[in-house]
Amino acid sequence: MQRRNFLSSFGGLALAQMLGQERDGLHHKPRAKRIIQIFLSGAASQCDTFDYKPRLIEKAGQPWDPGEKVELFQSNPGVVMPSPWAWKQYGQSGKWVSDLFPAMAQCVDDMAFVHSLQSKSNIHGPATFMQNTGFILPGFPSAGSWVSYALGTLNENLPKFVVLPDRRGVPPNGPGNWSAGFLPAAHQATTVRVGTPHPIYDLEAPSDAKYITMSSEREGLALLDKVNRSHLQTHAGDSRLEARIASYQMAAKLQLSAPDVLGIAGESPATRKLYGLDDPITAEMAERCLVARRLVERGVRFVQIWSGADNGFPRRNWDSHENLAKDHGEMGTAMDKPVAGLLRDLKSRGLLEDTIVHWTTEFGRMPCSQGSLGRDHNPAGFTTWLAGGGFKGGVSYGATDEWSYKAIEKPVYCYDIHATMLHLLGIDHQRLTYRNNGIDRRLTDVHGNVISDLIA
Amino acid sequence: MASASNAVVAALFTVALAVAQPVSYQRDVAPLLAARCSACHQPGNAAAGFVATTPLGVKKVANSGLLLATLTGEKPRMPKVGKPLSPAEVALLARWVAQGSQDDSGGKQELWWSLRPLPQSQPATLDSFIQKKLRDANLTPSPPADPRTLVRRVYVDLHGLPPTPEQTAAFLADPRPDAYEQLVNQLLASPRYGERWARHWLDIVHYGDSHGYDKDKPRPNSWPYRDAVIRALNDDMPYPRFVRAQIAGDVLYPDDPHAFALTGFLAAGPWDFVGHQELREGSTDKNLTRLLDRDDIVATTMSTFVSMTAHCARCHNHKFDPIPQTDYYNLQAVFAGIDRADRPYDEDPALSRQRRQLLAEKLAAQRRLQPLLDRVEFASSPAIITLDNRIQDAGLLLAHLGTPKNPADIEEKKRLEARRTADRAERQTLVDHIVGPETYPAIDKGKAELAAVDAKLAALPTPKFVYSGAAYFSRVGAFRPSLTPRPVHVLDRGSVSAPGPLARPGALHCLPSLSAEFPVTEEEGDRRAALANWLGDPQNVLTWRSIVNRVWQYHFGAGLVDSPSDFGKMGSQPSHPELLDWLAVWFRDEAQGSLKQLHLLLVTSATYRQSSAHRADAALQDGDNRLLWRMNRTRLDAESVRDATLLAAGKLDLTMGGPAVRQFAFKDDHSPIYDYAAFDPDAPGGQRRSIYRFLVRSAPDPFMERLDCPDPSVLTPKRTTTLTAIQALAMWNNRFMVRMAEHLADRAKGDPHQLAQWVLGRPASNDEREYAAKHSLANLARVLLNTNEFLFVD
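Residue numbers (my numbering), protein chains in the order written: chain U, 12 to 467; chain V, 6 to 799.
Structure (structure tokens):
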């Protein structure tokens, strides 16, 4: 009973810590310790990136007839539209990749592609929730919060779950995408606005508060500690009071370590070039990819990098209804080299061994045109890839039909991807639960199969 | 975590039982199997043909040896989900088998505790129930808290604000023997009480001031609901009326503006803007959007008022509780006539009646007109679809061009606009041909009828608006009113693509005391009224148990039932079942649903007035304090931290009610931007009580979030309390806290004692005075606002 009092006092302790199993994963021996997820907001096209379908080139411009009624988000199906980019084969695996991603193409032998991913919604908001939380409704914990809840910290001086939004703004659903939902607030994401003057909210006092000086700060914290300890003397037996005293010490460590982890000035010219920091087109994404590496290197469990903001005009994410060549072109070019650089850098440092890199989006795009130059939403079949952390390299799993329209071979949902990632982290997705409103909730709802074909 | 620690409790509990008495199927075995086996082994869907919920089924596998064989061993085959049964649980089942697997249920399954009828009212005191349990466990209550502690406790509890030094002094100096009771009555009479307790209610119903999802737009008229809850509490509206008004105040009490505004409950939760407003009528995703929207209303209604998880029966019969899928869809049918939209209402009853009459006329006119409009809107042919595509193409390209600068793009824009105009004209000709010439005069006539009603409505004084459930509203994009309730089908596996039989409005069948059948009606308001009456019925035992437990929880820090919105089998069992039932009956019959009387009863009890001090001996036995041998120490919640800080700084603005205060910089956009860092805490509205803050679903205030203020999209019957480094940083560095420390210092005019009195209700210590002398009073204020002494309530 003592133990329960202790546990409930903290509310934010990870399951693994509670069960004393941190070193060996939560349920079994882990292959991976951490995840970097790159989320392409607005729905990145599969048939313009990694899902090669010669049929689209053959039938270019002809009426599109997949043999059934197609219900689209905004439009009626247009004609067959081949990708504006040419396709080539790469690597030992001979993977077809479009010319939109020439740098990532060099890494295909480290990637496990899933071409048969589906979503349960063709609306950005619900579908983006689904890829993040497993539910098409708001209010559920994101994958990063679940991992934080399950595994806890590798470095007490840093947060467990960090989100790096696009500098142009936040995606549809805003910070709701990385909400801790009903999990304790300790598993909330920490948003880091890379490249801005105050990247972490409340990390330091506002600079216009002139009454705060270095010494008032230092001695103030010392006084606080003293006052709290004397209060503790008369309030024995309550571990929360001690936990709160400790939280200020951890806060001080976080203050010290944050500038170090976010400062990329010390990175070598070769590394900067590798990520594309020297090119204004790629620099923004490059900086965040580099910071992501520095974060996982120092023990952050889950880093989420967003490519793209909301679905507004002028286009600032992947939602290319009007002019795919232009908008996918700009988004893709800005991310290609940085993401490839991240993979190579992780690999050369040995970090890819136990770091999962996950490239994903909320749904795909239609193989037919919308208007004359764009593509509408396609939740029936789209592509995600995973690398490192126990995933096989150079494999492709599942397939869409001849049009890149519908997943017909081994169709999966995000549940299966989440289950597989959790499995590699040493977590049984069916046993990672939290009771909320009458239900033992899971990241994978009541679904999910570990895709063993993807595991090395 | 809840489940892990519950398992510990369950294990210890069963060990205790095993020692005490023979194993009972009814009391011991059935609940265990219900919790761990019945998800897969339930009637109608029994895996391996084994039904875990009937004594017959269980005895069969028990006698064959299968029960124990599958549950034991190094890697037990069962249960498939979750941890294996604990050794104590296995031992219990083994003992039951060894004792001959006797079925003591008398052939009928006993009702789950929360569904049983309530007992007759009987004279007793709250404390007598608590003390009996303590005696049974050889525990004693703690001595009364000292008056200084008690006064802070009850102020924070009832007002969400600590007492000022003057208020504390006044209480300490009050010589009357009933000084405490007088104080409680005085606190309950203050409007601060409604503000504090409405916040609890808004947690339960997941109230927010924006829609959530993508395009998280503000809801300018959500606040009248918030104000109506505050007012209902301050006016001590009888609880049954409070319940009924939230479901159907517009129907049951149409000329009471406060009851009308309480229907904001129906629309409190999130709303998918894109799904409703942009998706085409008849598409799968549109149907899914509506299904989930009604699901939110059903889930909120049933968990709020009767603490049942009816929403677990959307895809299949409830796996644990006696709620068939048909009951769930019958509840959906209750709400099938409404969408979330602004509704007009009036303060003046005469005006209200007038408007109601006109709106009924308008609805009737719209019902006549709509089929004609639909004939035109949905007219289609291959040629029309081709034109639609061209028209949309032009729209897309024009949107992408924006306002072009170079001549080629300007030319392109002109060309596209001209093409679109021509296409639209051609489309119109094709449509005209399909719908026939007689349609348009009929439409014109219908529109004229509507215009006539609209003219009369426009002549009335401007009404108020509340964001609520509406059967009729002005169409925006593809978001259109139902006019009559939409058909609701029982969906196989919850899929909109697999509609089964039609559902008919009704409630839960699991309550023997009440009929779940509603009169068949196509008037959606009557459907809601029927449910409102079912929920507010004196015989609805769930309603009464639910509310007294909630009130108990907020006073004592933990409910008698620790899962306040789940009284089903997956929830907790009551720690004091007799007390819960006694309170429910007392509240219903003696107090006549007066929440203020319930508060008074609870906070004047000896149990509430105990000291919260730790006692090693008692903690050893009951570390969770489930038996209440002491009062629970609580941490100030996010709103109280903010409000108490403002109060201490002398800045608390007690203006009540009105539109939500936007404590962020707002920029409307495709997805609007809410920037909290750009807000100055001294800006107008920045110092209002926290309940008046504008609650953005997609972007909660990071400061409040770090203090465990819940996500307004989540139904939150009970907040978690965490203590994290990020929270410490927020308390220490957030602009609001840092600024208030400065205001505190200004207010104290050089006197550290006065400053410490305002924050902590005590003079400053030597250390504190020295620090202030060296670094300024503002720095001292910052330190004191961060102390455990400030943040915790003994």
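Where a beta carbon is used, it is the ideal one built from N, C-alpha and C, also for glycine.
Assumed close pair residue i, residue j - CB separation to whole angstroms, cut-off 8 Å
{"i": "V/A761", "j": "V/R767", "result": "6 Å"}
{"i": "V/P504", "j": "V/L496", "result": "6 Å"}
{"i": "V/H604", "j": "V/L155", "result": "Their Cβ separation, rounded to whole angstroms, is 15 Å, which puts V/H604 and V/L155 out of contact at 8 Å."}
{"i": "V/D290", "j": "V/L284", "result": "5 Å"}
{"i": "V/V764", "j": "V/A653", "result": "5 Å"}
{"i": "U/W370", "j": "U/T395", "result": "6 Å"}
{"i": "U/G385", "j": "U/N334", "result": "6 Å"}
{"i": "V/A150", "j": "V/V210", "result": "Not really, about 33 Å apart at Cβ, beyond 8 Å."}
{"i": "U/N239", "j": "V/N793", "result": "5 Å"}
Contacts around residue i, its chain only, beta-carbon distance under 6 Å, and the 5 residues preceding and following it disregarded
{"i": "V/V102", "result": "A67"}
{"i": "V/L123", "result": "V546, D586, A589 and V590"}
{"i": "V/L72", "result": "V66"}
{"i": "U/M138", "result": "The sequence shown places Ala at residue 138 of chain U, not Met. Cβ neighbours of U/A138 beyond the five flanking positions: S130, S132, E373 and F374."}
Neighbourhood of residue i by C-beta, 7 Å cutoff - its chain only, sequence neighbours within 5 removed
{"i": "U/S268", "result": "N168 and L169"}
{"i": "V/R157", "result": "P167, P168, G766 and V798"}
{"i": "U/A391", "result": "Q129, Y416, K417 and A418"}
{"i": "U/E298", "result": "V205, G206, I275 and L288"}
{"i": "U/A216", "result": "I223"}
{"i": "V/Y258", "result": "A250 and A264"}
Identified DSSP bridge partners for residue i
{"i": "V/D680", "result": "V/A670"}
{"i": "U/M122", "result": "U/A398"}
{"i": "V/A346", "result": "V/S473"}
{"i": "U/S318", "result": "U/L51"}
{"i": "U/N389", "result": "U/G375"}
{"i": "V/G511", "result": "V/E522"}
{"i": "U/E420", "result": "U/A410"}
{"i": "U/L175", "result": "U/I316"}
{"i": "V/D658", "result": "V/R693"}
{"i": "U/I450", "result": "U/N447"}
Rounded separation between residue i and residue j - CA only
{"i": "U/H429", "j": "U/I367", "result": "12 Å"}
{"i": "V/A315", "j": "V/H514", "result": "11 Å"}
{"i": "U/D249", "j": "V/F797", "result": "11 Å"}
{"i": "V/P686", "j": "V/A786", "result": "17 Å"}
{"i": "V/V481", "j": "V/N226", "result": "17 Å"}
{"i": "V/H205", "j": "V/F708", "result": "19 Å"}
{"i": "U/V203", "j": "U/L214", "result": "11 Å"}
{"i": "V/A534", "j": "V/Q362", "result": "19 Å"}
{"i": "V/N239", "j": "V/E583", "result": "30 Å"}
{"i": "V/Q104", "j": "V/Y30", "result": "11 Å"}
{"i": "U/R66", "j": "U/Q73", "result": "11 Å"}
Residue i: contacting residues in chain V (beta-carbon distance under 8 Å)
{"i": "U/A262", "result": "A730, I731, A733, L734 and W737"}
{"i": "U/K237", "result": "D772"}
{"i": "U/N133", "result": "D290"}
{"i": "U/Q199", "result": "E710, R711 and I731"}
Contact set between residue i and chain U, taken where Cβ atoms lie within less than 7 Å
{"i": "V/E747", "result": "Y222"}
{"i": "V/D398", "result": "G382 and S383"}
Neighbour list for residue i in chain V, Cβ cutoff strictly below 9 Å
{"i": "U/F324", "result": "A404, H405, G407 and H675"}
{"i": "U/R255", "result": "R640, L728, Q732, A733, N793, L796 and F797"}
Sequence-distant residues of the same chain with beta carbon closer than 8 Å to residue i, five excluded per side
{"i": "V/G49", "result": "Residue confidence for V/G49 is low, a pLDDT of 49 falling below 50, so the modelled location carries little weight and cannot support an answer."}
{"i": "V/N394", "result": "none"}
Residues that residue i contacts on chain U, provided the C-beta gap is smaller than 9 Å
{"i": "V/S308", "result": "N448 and G449"}
{"i": "V/M575", "result": "R446, G449, I450 and D451"}
Contacts of residue i in chain V (Cβ-Cβ under 7 Å)
{"i": "U/L148", "result": "L297"}
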